[in-house]
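Note sheet for the following structure.
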Amino acid sequence: MTATADPPKQRGAWPSGVGGLDPQPTPIRLTNIWRWAQLTWRAERRYYRRLDRPVRLTSRRLGRSIRPSLERPLFLIGAARSGTTFLGDCVGRIPEISYHHEPPATKAAGRYVHDRLWGFRRSRWFYRTVYAWLLRAELDGGLRFCEKTPTNSLLVPFLGRAFPDAQFIHIVRDGRDVAVSHLQKPWLLAASKGSTQREPGGYLLGPHASWWVEDGREREFEETSDIHRMVWAWRRYVEAALRDGPPLGPQRYLEIRYEDLMADPRGYGERMLDFMGIDR
-6 MTATADPPKQ RGAWPSGVGG LDPQPTPIRL TNIWRWAQLT WRAERRYYRR
44 LDRPVRLTSR RLGRSIRPSL ERPLFLIGAA RSGTTFLGDC VGRIPEISYH
94 HEPPATKAAG RYVHDRLWGF RRSRWFYRTV YAWLLRAELD GGLRFCEKTP
144 TNSLLVPFLG RAFPDAQFIH IVRDGRDVAV SHLQKPWLLA ASKGSTQREP
194 GGYLLGPHAS WWVEDGRERE FEETSDIHRM VWAWRRYVEA ALRDGPPLGP
244 QRYLEIRYED LMADPRGYGE RMLDFMGIDR
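Counting from -6, one number per residue, gives the positions in the sequence shown under the numbering used here.
Printed below as a string of structure tokens:
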């Protein structure tokens, strides 16, 4: 028997062994909601330390954070390894924005929404509660909420309905480059199978068919090659966002190409600011 190396540990993930080898995340229940809150807050603190944003506590800021506003939230969507993190880092430095990087609680809730395990009202309540809590915890109640989670690419209809004035920026990258980049991460690799490590949203690392894989094709997804699995993920995310985003209209949906952003960051930065309605 040939020994295989353990996949790289994911910072902020669930402790190894939690949930065993069940590929689904620990269910979200009232009995463990505190655990989800802890994970979400830990991820939040880690990102904000990296962002290094000074917080000036004023009575006005404190007052607005008691009852934070979720008006015109901004969602950054796109397939994993498409530049979503880079885009989020840029948007997160805009003074008017309160940016949040893949909150574990809502990331885990994606399957409940997509598979309709929760009704619309329950899903809407959960997302709005988590987002308001994040604004309150960061004393960002007077700022505009923004978050980046790649799997939100498959939840645009729900998010657009739950937040009727929300805007979406969809970043698209060449699928070949995405697949090669994705291979550098342990998330869907066959070599990760058998590991009990989980990413921050609670999903088990390895070639497991997640909720966004087409019904009836789960086994095919798990048995195909790593590179095909990465292309498969890219296709699912991009197709969903391209299908559901444009019908929202140009005031609510903006598509940008990663390659164009890299070639002309200033020009596309100004275009995004115009889209968001933020003065330069």
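Ideal placement from N, C-alpha and C gives every residue a C-beta, glycine not left out.
Within the model, the alpha-carbon separation for residue 224 versus residue 169 is close to 7 Å. By the CB criterion at 9 Å, residue 250 and residue 162 fall outside the cutoff. The beta strand (DSSP E) runs of length 3 or more contained entirely in the region 96 to 143 are, from start to end of the chain, 137 to 141. Across the structure, residue 273 and residue 261 are spaced so that their CA atoms are roughly 13 Å apart. Cα atoms of residue 114 and residue 256: separation of roughly 42 Å, rounded to the nearest angstrom.
Here DSSP, grouped into helix, strand and coil, assigns residue 156 to coil.
In the three-state DSSP reduction, residue 250 falls in the strand class (E or B).
Between residue 135 and residue 61, the C-beta spacing is below 9 Å.
Counted as a single uninterrupted DSSP element, the beta strand (DSSP E) harbouring residue 91 occupies residues 90 to 94.
DSSP, read as helix, strand or coil, puts residue 164 in strand.
Excluding five sequence positions before and after residue 247, the CB atoms of its chain that fall closer than 8 Å to its own CB belong to 160, 161, 162, 163, 264, 265, 268, given in chain order. Annotated three-state conformation of residue 220 is helix, per DSSP. Judged by beta-carbon spacing, residue 71 lies beyond the 9 Å limit of residue 226, meaning their Cβ atoms are not closer than that value.
For the 9 Å CB-CB criterion, residue 119 and residue 21 form a contact. Nearest to residue 207 by C-alpha distance, out of 91, 108, 123, is 108. In this structure residue 64 is exposed. Its beta-carbon is surrounded by fewer than 16 other beta-carbon atoms within 10 angstroms.
In the three-state scheme derived from DSSP, where H, G and I count as helix and E and B as strand, residue 210 is classed as coil. Residue 271 places its beta carbon less than 9 Å from that of residue 89.
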